[in-house]
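Protein chains in written order, with the UniProt record's numbering: chain C, 1 to 220; chain G, 1 to 220. The beta-carbon is built from N, C-alpha and C at its ideal position, and this holds for glycine as well. Remember, it's a predicted structure, so these values are computed and weren't measured experimentally. Input: a single structure, listed below in structure tokens.
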DNA sequence: ACAATAATGTGAGATATCTCATATTTTTAA
DNA sequence: TTAAAAATATGAGATATCTCACATTATTGT
């Protein structure tokens, strides 16, 4: 991670105004920082003391289980807060966050924690963010319980395909969908067999959009 | 649902002071209300316009999937907020909440919504509540992905047993744990076979506390 | 350019979990 | 009090998903 200054800093501040998140002047407490692709923003098990607001980029939220399994809990896409729960709740150990692309964030030091925690403007925004997060996790949780991979994968292919082509890394997606690598490949093969997608060098091409949507929509 | 007045009302207000949740006088906006056992506090798919704070009681948070499966998402135990996400986010349809026992709540009408949404004291408490909710759901989600029923059931038996006896309704718990009734019974039978619990008329008695803890603790 | 590492792909056999059918017991409501 | 509804129980066969072993093909760092 490195901190941007001068022109780079002011350009981001202009492009992503954040003043209206707070009812006090946040600038003295704020840095613009950049994480390179693959860098860890939070280490699993650490006690972070910085609140980040991601402006540009994409990251993965991870946790490792006692049995060694790793869950890719979700993809984080700008804009969003990171480390907000630790701000509210002192000394809460955190999950791991690793960037997928170059990522630009505002970092806000906890030195203005007192100010933040009495700022209704900021707190209201945080409530909205947290409410949405809770709602999303609940949705994911219940969907995972109620539907087999066939449906969840169909939904995920719809979501992540670009120009009708799905080309995510299997190793990553099986962690995200919470199934084994083997099983993911089975179901992909099944989609090929059913002519829903076609495997080419460029990726899996969606050929039966309708059927895919049908499988996905059973979820909601 | 009925609203308590007079002596009943003031007794609850005394027993569960709530003034320090707000920086303005909430009393004019507040009712004390009681739901009978089995009553629905929120109907699934409705657009609630009341914020509740549960003082006493226990309820179940439900959702029904398109495929007809019902998920018992979680048990709600006092104290907690209900309808808070709908307060923040207009017109968000909600999940169903049904009481398990007689339940006493404060209800706060949305007529003071404007006041609530600029009240840092209240918002901060809401942030804490929502943050915890998000954290819990995330934990549940990842655990369900990473462990078979054997471990999750062991953890649940530990949690819900009273005086070493587990006696929840199977029909409910299988929805809660997200497995079929049949499978729940299989794993319970397996616990009996392994002499971890013993089935008697009074319920399933825990006889190998250590082994149960071992299975449960693999989760975390 | 090459060795190390990561990602892909596949088979085989095990296990976790589901669906459905059906019988019995308990609880609930009229 | 009795009939209906809910909860418990169990078998049998299917399906979803896992683990492990191993081979092949990219990707990456030096």
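9 Å Cβ cut-off: residues of chain C touching residue i
i, result
"residue 118 of chain G", "120, 121, 124"
"residue 97 of chain G", "In chain order: nothing, as chain C lies at least about 13 Å away."
"residue 218 of chain G", "65, 66, 67"
Buried versus exposed call for residue i [16 or more other C-beta atoms within 10 Å across all chains shown]
i, result
"residue 164 of chain G", "exposed"
"residue 171 of chain C", "exposed"
"residue 155 of chain C", "buried"
"residue 93 of chain C", "exposed"
"residue 22 of chain C", "buried"
"residue 215 of chain G", "buried"
"residue 148 of chain C", "exposed"
"residue 159 of chain C", "exposed"
"residue 119 of chain G", "buried"
"residue 98 of chain C", "buried"
"residue 35 of chain C", "buried"
"residue 182 of chain G", "exposed"
"residue 237 of chain C", "For chain C, the structure presents residues 1 to 220; residue 237 of chain C sits outside this window and is missing."
"residue 67 of chain C", "exposed"
"residue 131 of chain C", "buried"
"residue 175 of chain G", "buried"
"residue 138 of chain G", "buried"
"residue 133 of chain G", "buried"
"residue 186 of chain C", "exposed"
"residue 189 of chain G", "exposed"
"residue 3 of chain C", "exposed"
"residue 45 of chain G", "exposed"
Chain G contact residues for residue i, given Cβ-Cβ distances below 7 Å
i, result
"residue 71 of chain C", "142, 145, 146"
"residue 137 of chain C", "134, 137, 138, 141"
Within chain C, the residues that residue i reaches when beta carbons sit closer than 7 Å
i, result
"residue 127 of chain G", "88, 123, 126, 127, 130"
"residue 108 of chain G", "Near residue 108 of chain G there are no residues of chain C at all, since even the closest Cβ is about 15 Å away, more than 7 Å."
"residue 173 of chain G", "Ordered by position in chain C, no residue passes the 7 Å Cβ test against residue 173 of chain G, which lies about 13 Å from the chain."
Partners in chain G for residue i, counting only beta-carbon separations shorter than 8 Å
i, result
"residue 85 of chain C", "131, 134, 135"
| Which runs of the alpha helix (DSSP H), 4 residues or longer, sit entirely within the UniProt domain "Cyclic nucleotide-binding" (30–117) of chain G? | 84–88, 113–116
| task | Jot down the residue ranges of each uninterrupted alpha helix (DSSP H) in the stretch 127–177 of chain G, minimum 4 residues, whole runs only, in chain order. | result | 149–160, 170–177
| Under 9 Å (Cβ pairs) to chain C, residues found in the stretch 177–208 of chain G | 177, 178, 179
| task | Pull out every residue of the stretch 42–72 of chain C whose Cβ sits closer than 7 Å to any Cβ of chain G, in chain order. | result | 63, 65, 66, 67, 69, 71
| query | Is there contact here, the stretch 14–30 of chain C with the stretch 60–75 of chain C, by at least three beta-carbon pairs under 8 Å? | reply | no
| How about the stretch 102–109 of chain G and the stretch 20–39 of chain C: do they share at least three Cβ pairs that are nearer than 8 Å? | no
| message | For the stretch 4–12 of chain G against the stretch 193–200 of chain C, do three or more pairs of beta-carbon atoms, one drawn from each stretch, fall closer than 8 Å, so that the two count as touching? | response | no
| query | Per the contact definition of three or more C-beta pairs closer than 8 Å, is the stretch 117–137 of chain C in contact with the stretch 84–91 of chain G? | reply | yes
| query | On the three-pair Cβ rule with 8 Å, is the stretch 94–103 of chain G touching the stretch 95–106 of chain C? | reply | no
| request: Determine which residues of the stretch 20–38 of chain G have a Cβ less than 8 Å from any Cβ of chain C, and write them out in chain order. | output: none
| For the 8 Å Cβ check, are there 3 or more pairs between the stretch 132–145 of chain C and the stretch 55–71 of chain G? | yes
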